[in-house]
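>
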Amino acid sequence: LFCWLWSKIVQVGLDEFLDYFNNQKTRKQPGRILPSGVAPNVVFDMPQDYGLENLAVPVAQEAIDALR
């Protein structure tokens, strides 16, 4: 029971931190190659607005299910 509950408690804490970190604006740093002064999630969702391109490779759900 402890192992089952502990993993759930830790996962909730990690999810909360991830949400906080990825939605927090970074400080503006002139001269950087990568975007600054904006939250990471914003750059991930709209890379074209920051001179980047989305190079994600689509993966079929069947391939993901086969690995689980």
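Take the position in the sequence shown, starting the count at 1, then add 190; the result is the number in this note's numbering.
Where a beta carbon is used, it is the ideal one built from N, C-alpha and C, also for glycine.
Note the first and the last residue of the continuous alpha helix (DSSP H) segment covering Y210.
F192 to N212
> Name the two residues that bound the continuous alpha helix (DSSP H) containing I254.
Q251 to L257
> Alpha carbon to alpha carbon, how far is S226 from A246?
S226 and A246: Cα-Cα distance of roughly 21 Å.
> Report the rounded CA-to-CA distance for P175 versus D239, giving the unit in angstroms.
Missing from the structure shown is residue 175; the chain here goes from 191 to 258 and no further.
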